[in-house]
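Written below as structure tokens is the structure these notes are about.
Take a look at the structure:
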């Protein structure tokens, strides 16, 4: 196929995008297949379709990008790296579309958007400062609508059909299921992977494969983010361990 045919077929796939893994996998596989032939055309289709779509489709696009750019299927790291380079340029614009300023769509899509951006942060997929800025922007836009900005009138609620509401509920369940599954996944390049021979070299700037040092940083960040603060249960456990190994200490007079 030439570039025009690829573009038309990919746009047709995007028009049928939904929250199911089957739909997402089909689009990701097609994009990776032609990553070396016309990645700019394929990426332009994603941004264009996102700009014209409904709030529900836009969040589906972001979930598709999550599976895509995070290389959940772990099939073509070199091809994924091509699209990550393009994503860095347009990621702020995509987040603006998914979580628009001064719109109830920001409240509807804000929670899932923040979770996806945070997962990219923990996997070190993009620059941390960029992701921090996007997360802060998302939180600010959601808060401005929920709390109400005294200087501006709240935007009107869009009229949504019953069928659209039911479809949104069904797809929200599918998306939340995916977020729960992802919360249990470790990044593909963790500490144990860092000890294998194939990952002992420094980072390959062309394919952007993580080096062992980055792998250890990802593992540390994951553990740091999931550990809880020291609390009374922890102190009680420490006292039990001390009593078990050292015996009960005499109370000081």
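Residue numbers (full-length UniProt numbering): 1 to 253. Beta carbons are placed, not taken as given, at the ideal position from N, Cα and C, and that holds for glycine.
In this structure, DSSP gives residue 164 a helical state, which the three-state scheme calls helix. The way I'd put it, the stretch 76–88 doesn't touch the stretch 137–149; fewer than three beta-carbon pairs between them come closer than 8 Å.
Contact check for residue 69 and residue 125: beta-carbon distance about 6 Å, within the 8 Å limit, so the pair qualifies. Around the beta carbon of residue 242, fewer than 16 other beta carbons lie within 10 angstroms, which makes this residue exposed. Scanning the UniProt domain "CID" (2–142) for uninterrupted alpha helix (DSSP H) segments of 4 residues or longer gives 3–15, 21–33, 39–52, 55–69, 77–98 and 104–122, listed from N- to C-terminal end. Residue 163 sits exposed, since fewer than 16 C-beta atoms from the chains shown fall within 10 Å of its C-beta.
Looking at 48, 56, 10 and 37, the one whose alpha-carbon comes closest to that of residue 20 is 56.
Counted as a single uninterrupted DSSP element, the alpha helix (DSSP H) harbouring residue 235 occupies residues 232–246.
CA-CA distance, residue 131 to residue 247, rounds to 50 Å. Distance from the CA atom of residue 104 to the CA atom of residue 45, rounded to whole angstroms, is 25 Å. Between the C-alpha atoms of residue 122 and residue 3 there is a straight-line separation of about 35 Å.
Nearest in C-alpha terms to residue 52, of all of 6, 101 and 11, is 11. Taken atom to atom, the span from the alpha-carbon of residue 106 to that of residue 228 is near 30 Å. In its chain, beyond the 5 residues on either side, 122 have a beta carbon closer than 7 Å to the beta carbon of residue 221.
Cβ-Cβ distances below 8 Å link residue 63 to 19, 24, 112, 116, 175 and 178 in the same chain, with the five nearest sequence neighbours on each side left out; the list follows chain order. For residue 32 and residue 88, the gap between their C-alpha atoms comes out near 18 Å.
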